[in-house]
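S.K.: Take a look at the following structure, please.
Chains as they are written, first to last, in the working numbering: chain A, 235 to 797; chain B, 235 to 797.
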């Protein structure tokens with residue numbers, strides 16, 4: 235079914251060969267007026283937040299969240315399905331707008347390709363989106379590091395706030411995979427060069443400012459959130475905030491353009507708003523609230539996604555992002571592939587091409603748990619099977635029969651090879667399920683629950699854990715945080731994405747496990763408490779043969795070897 | 235002459251109140267075709283390098299370099315005169331295009347305001363230009379740090395090139411004033427976190443990549459220059475280059491948009507190309523060769539500038555940039571103020587408002603030396619006196635009589651208060667001097683001169699030194715560099731800008747001094763040898779009360795307290 239002439243083309247070849255419409259044409263489709271957008275080159279635009287004011291009384295479009303089973307090395311293609319579904323809805327003459335995260339530049343220098351979909355379901359201009367795009371991430375790097383410089387300058391200039399240099403939690407960031415910066419000593423060189431102390435660098439997308447930008451409603455809310463950020467603690471262990479440093483105005487100024495969402499298009503000219511891209515472990519892993527809300531004002535259907543599998547991405551979308559943005563989701567699409575389900579059923583990566591019905595059946599337990607989770611949130615679902623060439627008829631048939639038996643809605647999606655055309659049945663099913671009956675969406679926990687109760691509800695209802703254990707440090711922090719008034723915030727769980735449990739090796743549907751909580755981290759500006767089950771790497775490293783060494787640009791300025 | 239109602243308005247108030255034309259109108263003035271530019275918002279554009287190909291046979295416009303006396307805390311207003319002169323040429327119905335450096339974001343967070351002119355001679359949109367602009371500097375930060383990450387990754391992955399970690403000279407950069415990063419230890423945390431070593435951060439504009447971008451002719455030349463960059467030395471002390479690391483393709487890819495010059499306008503809608511902004515001490519301190527050459531293809535007159543005074547900026551423009559870009563300068567404008575000349579004559583800053591004819595006369599010696607230097611380069615000159623309110627008639631009269639006696643061309647410029655109108659006489663004089671007779675431009679030294687001879691020629695002819703002394707280290711390096719084949723490069727002198735000598739306290743026209751050379755630094759990608767007479771700070775710090783603490787943005791997204 236995947237045609238041979240299509241197979242030989244790489245994602246970048248398909249993207250570079252596509253005929254993009256001028257972004258002004260996409261703007262026209264969305265009926266935006268002249269003052270509501272600004273061009274960034276011929277094929278990108280920034281949208282003004284005043285769109286929201288003009289359309290405040292227009293009913294919101296239906297929001298479709300695309301999530302997935304627990305990711306495996308086999309690949310699921312969540313972004314590809316998101317883009318393909320948006321294109322397919324357009325083919326059904328629905329006004330669909332896609333909302334996606336913007337990719338980080340650092341990892342493209344390492345192993346990873348772009349985060350812009352694949353095959354005939356991509357957003358374009360792909361090179362721009364994956365390189366500097368409209369500079370949002372650079373602006374976050376600037377704002378984050380301006381704050382860091384102000385903190386160290388405060389120490390150097392007399393430290394009026396009595397900040398304990400050993401308790402500063404605000405590191406610096408770069409949008410780069412640079413392991414040598416994970417742990418550093420700064421301020422060396424004598425009394426004119428600052429105060430020596432231990433610190434480190436994260437990748438920019440792990441900055442709390444990225445999470446803040448993605449949860450802020452407008453400039454005022456952005457500044458308010460920035461002012462609440464805790465940068466460290468005094469010698470008496472009192473939190474020190476951005477407001478104490480009087481830095482919120484400058485940081486907001488540095489971010490004022492980055493707060494505006496970016497408009498691009500898919501290969502089939504479906505409008506796509508790409509804005510913000512926080513980590514999905516120490517942050518909530520969704521594109522900005524502003525992008526999703528604006529998409530809902532401009533489209534009748536919004537297709538958006540969240541990082542990792544449904545246990546992390548969807549849970550955070552539904553428990554954190556919907557509350558921050560007062561967003562009403564209509565339906566969740568859960569992406570799976572037969573390959574990945576077989577891996578969850580125990581098949582090693584190099585044997586995925588062989589038919590294996592028993593492994594597939596075993597692996598379906600993972601999918602089943604995520605469907606249960608979405609039902610627990612009170613939302614309708616459709617499982618989208620992202621079709622791969624080697625999927626056999628017997629496997630597909632087993633899968634569809636099994637879904638029918640379990641009362642699970644399922645559709646095949648062939649959007650990589652066939653774009654929107656390959657996603658029509660999925661799109662029809664999504665529309666049917668949304669229109670069938672009103673949903674009864676409710677978050678998994680109440681904000682009034684204690685921090686421990688919130689954590690336990692996520693662990694048991696979403697992950698299927700039997701119990702939760704807390705380290706001594708975590709127990710101490712829970713008391714401290716609730717004393718500081720931070721008990722009211724939602725939880726942002728940092729757990730391995732590869733398993734429903736906190737052990738990455740336990741694929742499928744682990745049972746009878748206890749989730750171990752190691753440590754908590756306040757993200758008071760973002761407005762959530764990060765709960766760590768293990769060590770999370772917030773600064774990736776480069777591999778032995780980095781992708782960067784194969785990259786080039788020809789004399790016409792065209793990217794070579796980018797993907 | 236400066237009106238009261240104008241005096242009370244700050245630069246940012248004047249800029250924000252200005253009526254900008256859409257950038258497409260400025261593009262039309264320059265008769266660019268659709269494929270030759272891309273909009274970046276409504277008031278900025280990037281210009282394609284294909285403009286140069288189309289206009290390759292058009293005669294070049296006359297290039298006017300604006301330089302200054304040695305800078306003093308009194309202020310000279312070189313950018314203001316550059317912008318004002320461009321506006322004035324337009325008022326004389328000349329097609330003038332201004333070419334300027336783009337300002338660094340870091341220092342705006344500290345003490346310094348923007349680098350976009352002042353009063354009624356500014357480039358706009360001033361906020362954008364002084365914040366992230368079109369992202370060029372961010373792209374340089376990314377490329378520079380990608381290279382740094384590749385170097386440390388090379389060490390971590392087995393160090394096939396046998397790089398000595400103690401001899402790595404490629405640091406990291408941020409566009410931030412962050413003194414605590416000047417000296418750091420990186421790679422801490424054990425065998426999974428890289429190789430521990432000493433390093434540091436510079437401000438991005440001090441990156442050799444900034445100098446490279448500003449001297450490159452096109453993408454091919456950019457890649458060639460990047461491949462030559464020396465990042466460190468092996469254990470056997472052999473240079474290790476970017477080419478050895480195979481990183482030039484990725485770096486070029488990261489810089490391909492940044493290489494395109496940026497078009498904006500002045501308050502009077504004169505086209506201004508703002509592109510690149512290297513340091514004027516460890517680099518050459520001029521906007522990009524591409525910007526200057528493109529301005530010369532698009533205008534009949536180009537007004538451009540170079541950092542610091544004529545001893546540094548003009549010398550480097552004329553000895554380095556003209557050679558790299560095959561640029562023919564037509565005339566040099568030397569900016570001075572009566573205030574600054576009085577400081578060179580010994581008046582402290584708090585007494586500059588009082589008339590002081592003898593100090594003025596004494597200070598004129600500084601101006602005189604710079605005029606001699608421009609004559610030594612074989613170029614015509616006009617001295618522009620940037621008028622200030624407190625200049626007295628007696629002072630102006632003394633100055634003009636003195637210039638007449640010395641055969642120095644001089645004109646008053648009142649461009650801060652009156653824009654182009656206030657620079658008409660200066661513009662007329664500049665045009666007259668250019669058209670009067672052909673110039674006999676020649677650099678001060680030949681590339682075939684030895685490194686020592688080049689240094690001596692600059693020191694004696696440009697600075698007025700009697701002799702040059704070399705440290706033992708410098709002597710050793712000169713031998714090493716010439717052995718490595720680096721003797722053919724021009725010199726980029728890193729000397730205090732405040733004095734013609736290497737002692738910042740010696741104002742006016744120092745005589746009978748020996749210039750002390752401490753150390754050399756190869757910038758083989760940029761294509762020059764940096765010669766240091768003292769310590770140069772390449773990472774500024776923030777002051778006790780950083781400007782950042784007064785910055786804000788109102789709810790309409792307008793910058794507050796930026797200047």
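No residue lacks a Cβ here, since even glycine has one placed at the ideal position from N, Cα and C.
Note down, in chain order, all residues in the region 718 to 751 of chain B with a beta-carbon under 9 Å from any beta-carbon belonging to chain A.
M.R.: Cβ contacts with chain A come from no residue of the region 718 to 751 of chain B.
S.K.: Nearest chain B C-beta to residue 288 of chain A closer than 9 Å, yes or no?
M.R.: False, the Cβ-Cβ gap to chain B never drops below 9 Å.
S.K.: Taking DSSP as the reference, what is the three-state secondary structure of residue 786 of chain B?
M.R.: Residue state, collapsed to three classes: strand.
S.K.: Inspect the beta-carbon positions of residue 743 of chain B and residue 639 of chain B and report whether they are closer than 9 Å.
M.R.: No, Cβ-Cβ distance for residue 743 of chain B and residue 639 of chain B is not below 9 Å.
S.K.: For the region 622 to 664 of chain A, list the beta strand (DSSP E) runs that are entirely contained and at least 3 residues long, ordered along the chain.
M.R.: Listed in chain order, they are 644 to 647.
S.K.: Comparing the C-beta of residue 776 of chain A with each C-beta of chain B, is any distance below 9 Å?
M.R.: Cβ-Cβ to chain B under 9 Å: yes for residue 776 of chain A.
S.K.: Keeping to the same chain, check which residues put their C-beta closer than 8 Å to that of residue 499 of chain B; ignore five residues upstream and five downstream.
M.R.: Once the five neighbours on either side are set aside, the close Cβ partners of residue 499 of chain B are 254, 255, 257, 260, 277, 357, 358, 505 and 506.
S.K.: Determine the direct distance from the alpha carbon of residue 531 of chain B to that of residue 799 of chain B, and round the result to whole angstroms.
M.R.: The displayed coordinates of chain B run from 235 to 797. Any statement about residue 799 of chain B would go beyond what the structure contains.
S.K.: Kindly indicate the opening and closing residues of the beta strand (DSSP E) around residue 284 of chain B.
M.R.: Segment 284 to 288 is the alpha helix (DSSP H) holding residue 284 of chain B; no beta strand (DSSP E) there.
S.K.: If we cut at 9 Å on Cβ distances, does residue 376 of chain B have a partner in chain A?
M.R.: True, the Cβ-Cβ gap to chain A drops below 9 Å.
S.K.: Cβ of residue 252 of chain A less than 9 Å from any chain B Cβ?
M.R.: So, not an interface residue.
S.K.: Assess contact between the region 432 to 443 of chain A and the region 446 to 466 of chain B, defined as three or more Cβ pairs (one per stretch) separated by less than 8 Å. Is contact present?
M.R.: Taking 8 Å as the limit for Cβ pairs, the verdict is that the region 446 to 466 of chain B does not touch the region 432 to 443 of chain A.
S.K.: Listing by chain order, which chain B residues have their CB less than 8 Å from the CB of residue 618 of chain A?
M.R.: Within chain B, no residue comes near residue 618 of chain A; the closest Cβ sits about 34 Å away, beyond 8 Å.
S.K.: Residues of chain A with CB closer than 9 Å to the CB of residue 365 of chain B, please, in chain order.
M.R.: Here the neighbours are 373, 376, 487, 488, 490 and 491.
S.K.: What are the residues that DSSP puts in a beta bridge with residue 753 of chain B?
M.R.: B:766.
S.K.: Output yes or no for whether 9 Å exceeds the beta carbon distance between residue 508 of chain A and residue 334 of chain A.
M.R.: Yes, the Cβ-Cβ distance between residue 508 of chain A and residue 334 of chain A is below 9 Å.
S.K.: Helix, strand or coil for residue 678 of chain A? Go by DSSP, reduced to three states.
M.R.: Coil, per DSSP.
S.K.: Taking only the alpha-carbon atoms, compute the straight-line gap between residue 282 of chain A and residue 625 of chain A and give it to the nearest angstrom.
M.R.: One C-alpha to the other measures close to 45 Å.
S.K.: If residue 758 of chain A and residue 418 of chain A are in contact, beta carbons under 8 Å, what's the gap, nearest whole angstrom?
M.R.: About 25 Å separates the two Cβ atoms, so there is no contact after all.
S.K.: Would you mind sorting residue 627 of chain B into buried or exposed? The rule is 16 or more other CB atoms within 10 Å of its CB.
M.R.: Residue 627 of chain B should be labelled exposed.
S.K.: Which full runs of the alpha helix (DSSP H) of 4+ residues lie inside the region 262 to 326 of chain A, going along the chain?
M.R.: Segments of the alpha helix (DSSP H) lying fully in the region 262 to 326 of chain A: 284 to 288 and 312 to 325.
S.K.: Grouping DSSP H, G and I as helix and E and B as strand, with all else coil, what is residue 615 of chain B?
M.R.: Correct three-state label for residue 615 of chain B: strand.
S.K.: Can you say whether residue 585 of chain B is buried or exposed, counting buried as having 16 or more other CB atoms within 10 angstroms of its CB?
M.R.: By the neighbour-count rule (16 or more Cβ atoms within 10 Å), residue 585 of chain B is not buried but exposed.
S.K.: Where residue 519 of chain B and residue 371 of chain B are concerned, what is the direct C-alpha to C-alpha distance, given to the nearest angstrom?
M.R.: One C-alpha to the other measures close to 15 Å.
S.K.: Please confirm whether residue 360 of chain B has its beta-carbon closer than 9 Å to some beta-carbon of chain A.
M.R.: It does not; no Cβ of chain A falls within 9 Å.
S.K.: Any C-beta of chain B sitting closer than 9 Å to the C-beta of residue 353 of chain A?
M.R.: It does not: the Cβ of residue 353 of chain A has no partner Cβ on chain B nearer than 9 Å.
S.K.: Would you say residue 453 of chain B faces chain A, with C-beta separation under 9 Å as the test?
M.R.: It does: the Cβ of residue 453 of chain B has a partner Cβ on chain A nearer than 9 Å.
S.K.: Can you pull the chain A neighbours of residue 244 of chain B, defined as C-beta to C-beta under 9 Å?
M.R.: Those do not exist, as residue 244 of chain B stays about 16 Å from chain A at its closest Cβ, beyond 9 Å.
S.K.: Distance, Cα to Cα, residue 614 of chain A vs residue 297 of chain A?
M.R.: C-alpha separation (whole angstroms): 12 Å.
S.K.: Within the present structure, is the beta-carbon of residue 319 of chain B separated from the nearest heavy atom of the ligand GDP by less than 8 Å?
M.R.: This structure does not include the ligand GDP; it has no bound ligands of any sort.
S.K.: Using a Cβ distance threshold of 8 Å, determine whether the region 321 to 333 of chain A contacts the region 533 to 542 of chain A, with at least three qualifying pairs required.
M.R.: Flag = yes, the region 321 to 333 of chain A and the region 533 to 542 of chain A touch.
S.K.: By a C-beta neighbour count over all protein chains shown, 10 Å radius and 16 as the cutoff for buried, is residue 701 of chain B buried or exposed?
M.R.: Label assigned to residue 701 of chain B: exposed.
S.K.: Going by other Cβ atoms of all chains shown within 10 Å of its Cβ, with 16 needed for buried, is residue 687 of chain B buried or exposed?
M.R.: So residue 687 of chain B ends up on the exposed side.
S.K.: The alpha helix (DSSP H) with residue 340 of chain B in it runs from where to where?
M.R.: Counting along the chain, the alpha helix (DSSP H) containing residue 340 of chain B begins and ends at 339 to 342.
S.K.: With a threshold of 9 Å between beta carbons, is residue 480 of chain B in contact with chain A?
M.R.: By this cut-off, residue 480 of chain B is an interface position.
S.K.: Does the beta carbon of residue 390 of chain B sit closer than 9 Å to a beta carbon anywhere in chain A?
M.R.: So, interface residue.
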